[in-house]
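S.K.: First the structure, then my questions, so here it is.
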């Protein structure tokens, strides 16, 4: 098909923004927009024309969505997509899948003898506009994410794209096919584009259906092309998740509803690195102080735990159960929040939703009304401003402390190597040591582990995906070989217990896997979060910050991405223990250590 003559007129005729009230997508519209999503992702990231690479894809999508949405047949859809995208990628072909079309020869011209040009992605180095601090942090960390149009000639080009791999064919629907050249000649690489998109979309928002749908499309494509754990993506049925996400976003009217649609889509992946939120000027997320009033799910009830702010102690005590918020059963709140939590199981997602409840409520209003039931079954309604419920980062116990005679507790999240060195006499004399991994450990912990082993430690390796084709076809991986780290003196001979839970992921899971493989101690608590690797980031429409796992871990033991590591002793806290402010996992660890033989 060739509709280049009318393409510019069609682009100019498209409305910049729809003024109609939000309407749900029909099955036909969802099918059409799914095809547009796939086409734009393939072209944006893998069509190697230098002018195509500089396009505002937010503008392309916002301009294209109205016409594509209302195509009535696949033939009309193919014509519309061709008219909209071929001016931006002149060498692509869009075909209706028929027996006659299958017999047609490919329409790509021979490459000739000169250099050819192609995209090469090391994870994703694009989509970082407006993220200066993120780019700096990745550079300082030595994480070489990059996206570049490269040139090669002769045998080098043949070796990179063997066996007809210079052309990529994708099914946009069951009858519309895309043929995408992955390599272009020098003339095609430099070819100027004949198009005019009109006023540029500077920033996506929730104000129009086109903006909302474009946001979903951009988010979906990043994970579709650059998420390295492909088996996890397949189990999540990522392709099938696109349609429901588009349908949820189309009638949304607020940024909160749009983010809910994005988060529901992302929650299909059991990966705690995957998240989206409003983009700040620096690209960093602001970490709020912790809640003094913390809520935990126990026995399928939302239970108050941790310290209670002094001014509220006459109103609520640990062990009280939250039954309603703003007159709505708390279970209904959790049902909604659970759908937006990436987690290894629905039960873990509900746990995480409970922990997020106060933050979600505080983001919507400065105060809320809570209905609480005490241990005697009496209910009370209390209205609290969320500022009353905030805790402090400064009023914390020391990271090294004795919790029972001869038993020492190490809080890995705040433990520095200097703290460990100061505590060496205490640790060498200890009957047992508990290392708490239930929050992200400090990076000094790996150095500390060398005092827990008499053999060298070898951690898992990180590998970078190198991609030249869409949808993770024919990836190459380059990896960092983990060095053998020799043991350090003095050796801490005391028996050790490591506490784990759903917040033990990423670096925490690196440590946990190392502990298990080298048998450094007993794992006690709940399964880990099932997420490891190096994070990557992308700006979505200059409005939102998306994060995901960019580099994957090659585990030396049993793979745990998406499933987590199961502890040696599983501990599930009860409401009674929470009411007594007892740490169930720590109690189990102390009981085991007290029964363990003394160190030799």
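In this note's numbering, the protein residues as written are 5 to 604.
Every residue, glycine too, gets a C-beta built ideally from N, C-alpha and C.
Could you check where the beta strand (DSSP E) with residue 185 kicks off and where it finishes?
M.R.: As a first step, residue 185 is located in the chain shown; it is residue number 181 there, counting from the start. Looking at the DSSP string, the run of the beta strand (DSSP E) that includes residue 185 is 180 to 185.
S.K.: Pick from 59, 55, 73 and 274: whose alpha carbon is nearest that of residue 31?
M.R.: Counting from 1 along the chain shown, the entry for residue 31 is found at position 27. Nearest of 59, 55, 73 and 274 to residue 31, Cα basis: 73.
S.K.: Excluding the 5 residues flanking residue 463 on each side, which residues of the same chain have their C-beta closer than 7 Å to its C-beta?
M.R.: Taking the chain shown and counting its residues from 1, one reaches residue 463 at position 459. Hits under 7 Å: 486, 514 and 518.
S.K.: Does the Cβ of residue 385 have 16 or more other Cβ atoms within 10 Å, making it buried, or fewer, making it exposed?
M.R.: Indexing the chain shown from 1 puts residue 385 at position 381. When all chains shown are included, residue 385 counts as exposed.
S.K.: Using the Cβ count rule (16 or more neighbours within 10 Å means buried), how would you classify residue 376?
M.R.: Here residue 376 corresponds to residue number 372 of the chain shown, with the count starting at 1. Classification of residue 376: buried, given that the 10 Å Cβ count is 16 or more.
S.K.: Going by the C-beta, is residue 561 closer than 8 Å to any heavy atom of the ligand GDP?
M.R.: As presented, the structure is devoid of all ligands, the ligand GDP included, so that no description of it is given.
S.K.: Taking a contact to mean a Cβ-Cβ separation below 9 Å, would you say residue 568 touches residue 603 in this structure?
M.R.: Reading the chain shown from its first residue, position 564 is the one you call residue 568. Reading the chain shown from its first residue, position 599 is the one you call residue 603. Result no, Cβ atoms of residue 568 and residue 603 do not sit closer than 9 Å.
S.K.: How about the segment 174 to 186 and the segment 214 to 221: do they share at least three Cβ pairs that are nearer than 8 Å?
M.R.: no
S.K.: Could you check what DSSP says for residue 475 in three-state terms: helix, strand or coil?
M.R.: Within the chain shown, numbered from 1, the residue matching residue 475 stands at position 471. The answer is helix: DSSP assigns residue 475 an H, G or I state.
S.K.: Assess, as a yes-or-no matter, whether the segment 430 to 437 is touched by the segment 401 to 415 under the definition of 3 or more beta carbon pairs within less than 8 Å.
M.R.: Segments in contact, yes.
S.K.: Within 10 Å of its beta-carbon, does residue 589 have 16 or more other beta-carbons around it, so buried, or fewer, so exposed?
M.R.: Position 585 of the chain shown holds residue 589. For residue 589, the number of other beta carbons within 10 angstroms of its own is at least 16, and it is reported as buried.
S.K.: Below 7 Å CB to CB, which residues in the same chain sit around residue 126 once its five sequence neighbours on both sides are set aside?
M.R.: Stepping through the chain shown from its first residue, residue 126 is reached at position 122. The residues are 148, 149, 150, 468 and 470.
S.K.: Just the C-alpha distance for residue 536 and residue 529, rounded to the nearest angstrom, thanks.
M.R.: The residue you call residue 536 lines up with position 532 of the chain shown. The residue you call residue 529 lines up with position 525 of the chain shown. Put simply, the backbone Cα of residue 536 is about 19 Å away from that of residue 529.
S.K.: How many angstroms separate the CA atom of residue 154 from the CA atom of residue 226?
M.R.: Within the chain shown, residue 154 is the residue found at index 150, counting from 1. Within the chain shown, residue 226 is the residue found at index 222, counting from 1. In a straight line, the C-alpha of residue 154 is about 21 Å away from that of residue 226.
S.K.: What are the complete beta strand (DSSP E) segments, minimum 3 residues, inside the segment 264 to 336?
M.R.: As far as the segment 264 to 336 is concerned, its whole beta strand (DSSP E) runs of at least 3 residues are 279 to 282, 298 to 302, 305 to 309 and 325 to 329.
S.K.: Use the C-beta contact count for residue 215: other C-beta atoms within 10 angstroms, 16 or more gives buried, fewer gives exposed.
M.R.: The residue given as residue 215 occupies position 211 in the chain shown. Its Cβ being crowded by 16 or more others within 10 Å, residue 215 is buried.
S.K.: Candidates 288, 441, 117 and 229: which alpha carbon is nearest residue 473's?
M.R.: Taking the chain shown and counting its residues from 1, the one referred to as residue 473 is at position 469. The option with the nearest alpha carbon to residue 473 is 229.
S.K.: Could you tell me the boundaries of the alpha helix (DSSP H) in which residue 517 lies?
M.R.: Stepping through the chain shown from its first residue, residue 517 is reached at position 513. From DSSP, the alpha helix (DSSP H) with residue 517 extends over 511 to 521.
S.K.: Kindly indicate the opening and closing residues of the alpha helix (DSSP H) around residue 220.
M.R.: Taking the chain shown and counting its residues from 1, the one referred to as residue 220 is at position 216. 213 to 230 is the span of the alpha helix (DSSP H), which, as asked, contains residue 220.
S.K.: Report the CB separation of residue 502 from residue 454 in whole angstroms; it is logged as a contact under 8 Å.
M.R.: The residue given as residue 502 occupies position 498 in the chain shown. The residue given as residue 454 occupies position 450 in the chain shown. In fact, because the Cβ distance is near 15 Å, the residues do not count as touching under 8 Å.
S.K.: Based on the DSSP output, what are the partners of residue 440 in its beta bridges?
M.R.: In the chain shown, counting from the first residue as 1, residue 440 sits at position 436. According to DSSP, which records beta bridges pairwise, residue 440 is partnered with 415 and 503.
S.K.: What span of residues does the alpha helix (DSSP H) with residue 68 cover, start to end?
M.R.: Against the chain shown, residue 68 aligns to sequence position 64. Start and end: 61 to 73.
S.K.: Rounded to a whole number of angstroms, what is the C-alpha to C-alpha distance between residue 61 and residue 459?
M.R.: Along the chain shown, read from residue 1 onward, the residue named residue 61 stands at position 57. Along the chain shown, read from residue 1 onward, the residue named residue 459 stands at position 455. In a straight line, the C-alpha of residue 61 is about 53 Å away from that of residue 459.
S.K.: Just to confirm, is the Cβ distance from residue 250 to residue 38 under 9 Å?
M.R.: Taking the first residue of the chain shown as position 1, residue 250 is located at position 246. Taking the first residue of the chain shown as position 1, residue 38 is located at position 34. The answer is yes: Cβ separation under 9 Å.
S.K.: In angstroms, rounded to a whole number, what distance separates the CA positions of residue 41 and residue 322?
M.R.: Counting from 1 along the chain shown, the entry for residue 41 is found at position 37. Counting from 1 along the chain shown, the entry for residue 322 is found at position 318. One C-alpha to the other measures close to 49 Å.
S.K.: Measuring only the C-alpha atoms, how far is residue 600 from residue 497?
M.R.: Along the chain shown, read from residue 1 onward, the residue named residue 600 stands at position 596. Along the chain shown, read from residue 1 onward, the residue named residue 497 stands at position 493. Answer to the nearest angstrom: the Cα atoms are 12 Å apart.
S.K.: Would you call the CB atoms of residue 374 and residue 329 closer than 9 Å?
M.R.: Taking the first residue of the chain shown as 1, we reach residue 374 at position 370. Taking the first residue of the chain shown as 1, we reach residue 329 at position 325. Against a cut-off of 9 Å, the Cβ pair of residue 329 and residue 374 comes out as a contact.
S.K.: Does the segment 540 to 560 come close enough to the segment 129 to 139 to have 3 or more Cβ pairs within less than 8 Å?
M.R.: yes
S.K.: What residue range does the beta strand (DSSP E) around residue 373 cover?
M.R.: To locate residue 373, count along the chain shown from 1; it is residue 369. Where residue 373 is concerned, the enclosing beta strand (DSSP E) stretches over 371 to 377.
S.K.: Throw me the rounded Cβ distance for the residue 466 and residue 555 pair, which I believe falls under 8 Å.
M.R.: The sequence position of residue 466 within the chain shown is 462, counting from 1. The sequence position of residue 555 within the chain shown is 551, counting from 1. Yes, residue 466 and residue 555 are in contact; Cβ-Cβ is about 5 Å, under 8 Å.
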